[in-house]
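Here is the structure we will look at, set down as structure tokens.
Residue numbers (the working numbering), protein chains in the order written: chain S, 36 to 231; chain V, 36 to 231.
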């Protein structure tokens, strides 16, 4: 049985190589062989930690989710105590959207994973629970009626903006303008009139 | 030089096989060999029509776009002359969203292509022009101020709902409720109050 520290180091080494390959060439290009070459280890070694491509993809997606969560937590912490709901939502979405090189690399992995789970829905169980939880959280921050539906729509809008940003369909400023216009519409009813 | 009718028939045969493989296993699983087996022809024959995987993917996406356009045109034609803008938009979006087996299969191909172009943006040139044209069309149907931003947001919302539907994150009725809530919000300012 290998020493624990060895085990953890190797797994991290291989996981980093996996994420580099995924961010550079797309998750669908990831293979045991690719990752082994990138990490400078044997295919057998990679297979010891990730038995299948499914396991590698699920792991990469989990890494992206953890990184996103850490970025969001950090960005929100900088807003001080009890930030206004609209500012909180905007900060969260801007942090998740692929607007920096770092979040673009993660966004490409997430999009590839979404495409993968569209064909193999059983791989998306954890992701679906996340979406449901996030919808509830966003709904709790929205004013006015039909919060659940509006939250679902707002999350979908963010997901779609991410897809369009990654494909270069919208430049960053247009995506942010669309997000702000949406927040204006949703928060207009609380009293602040939509200046238009 | 082969006869023209032969040429067209073969290309259609291979294209159909390509679309079946893409819808069943995902576009990233598409290879010359896979498509050849599915079509019952040689790999060399497939390569005669599609030289690279890039060409196959671009072709599959073009087929999906054409099918979508045909479905939308047909659905809108059934609305009669000069349908109200809101009904026109809703009909268009409901037709494009992956809510039937047919549109789900096409949606999976489109999502895989989007994931592919996130890594190779040069492949998305045609798609970007489409998005820009569609944004302008949607903007022309929206009431109130900031139409361009709202149209960009509405399209992103539809794209995101499509992604969530394909991954089984939202059931059909929740996706439609989110779409209707968004249309209610955007069209509320024209005079019809948002009943909430």
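In this text, a Cβ means the ideal position worked out from N, Cα and C, and glycines have one as well.
So, does the CB of residue i fall closer than 8 Å to a CB anywhere in chain V?
i                     : result
residue 184 (chain S) : yes
residue 68 (chain S)  : no
residue 166 (chain S) : yes
residue 226 (chain S) : Residue placement at residue 226 (chain S) cannot be trusted, given a pLDDT of 46 that sits under 50; the coordinates are not used to answer.
residue 14 (chain S)  : Residue numbering for chain S in the displayed model covers 36 to 231; residue 14 (chain S) lies beyond these limits and cannot be assessed.
residue 125 (chain S) : no
residue 152 (chain S) : yes
residue 176 (chain S) : no
residue 156 (chain S) : yes
residue 217 (chain S) : yes
residue 61 (chain S)  : yes
residue 90 (chain S)  : no
residue 198 (chain S) : yes
residue 193 (chain S) : yes
residue 209 (chain S) : yes
residue 107 (chain S) : no
residue 190 (chain S) : yes
residue 93 (chain S)  : no
residue 122 (chain S) : no
residue 71 (chain S)  : no
residue 162 (chain S) : yes
residue 181 (chain S) : yes
residue 149 (chain S) : yes
So for residue i, helix, strand or coil by DSSP?
i                     : result
residue 155 (chain S) : coil
residue 66 (chain S)  : coil
residue 209 (chain V) : helix
residue 43 (chain S)  : helix
residue 115 (chain V) : coil
residue 142 (chain S) : helix
residue 37 (chain S)  : Confidence in residue 37 (chain S) is poor, its pLDDT being 49 and thus under 50, which makes the residue's placement too unreliable to answer from.
residue 229 (chain S) : Confidence at residue 229 (chain S) is low in this model, with a pLDDT of 40, below 50, so its placement is unreliable and the value that follows should be read with caution. Coil at residue 229 (chain S), not helix or strand.
Does chain S have any CB closer than 8 Å to the CB of residue i?
i                     : result
residue 75 (chain V)  : no
residue 143 (chain V) : yes
residue 146 (chain V) : yes
residue 8 (chain V)   : Because residue 8 (chain V) is not part of the residues shown, which for chain V are 36 to 231, the question remains open.
residue 98 (chain V)  : no
residue 173 (chain V) : no
residue 54 (chain V)  : no
residue 110 (chain V) : no
residue 220 (chain V) : yes
residue 140 (chain V) : no
residue 132 (chain V) : no
residue 159 (chain V) : yes
residue 50 (chain V)  : no
residue 46 (chain V)  : no
Which stretch, first to last residue, makes up the alpha helix (DSSP H) that contains residue i?
i                     : result
residue 101 (chain S) : 88-112
residue 186 (chain S) : 182-201
residue 132 (chain S) : Careful: residue 132 (chain S) lies outside any alpha helix (DSSP H) and carries neither H nor E.
residue 172 (chain V) : 160-176
residue 83 (chain S)  : 78-84
Handout entry: Three CB pairs or more closer than 8 Å across the region 90-99 of chain S and the region 53-70 of chain S
Key = yes
Handout entry: Cβ contact check for the region 155-172 of chain S and the region 164-172 of chain V: 3 or more pairs under 8 Å
Key = no
Practice task
Decide yes or no for the touch test of the region 195-209 of chain S against the region 131-143 of chain S: beta carbon pairs closer than 8 Å, at least 3 of them.
Solution key: yes
Practice task
May I ask you to verify whether the region 181-197 of chain V touches the region 143-161 of chain S, counting CB pairs closer than 8 Å and requiring at least 3?
Solution key: no
Exercise for the section: Tell me, please, whether the region 104-119 of chain S touches the region 67-78 of chain S by the rule of three or more beta-carbon pairs shorter than 8 Å. Expected result: no
Problem - Contact the region 185-194 of chain V vs the region 41-50 of chain V: 3+ CB pairs below 8 Å - result: no
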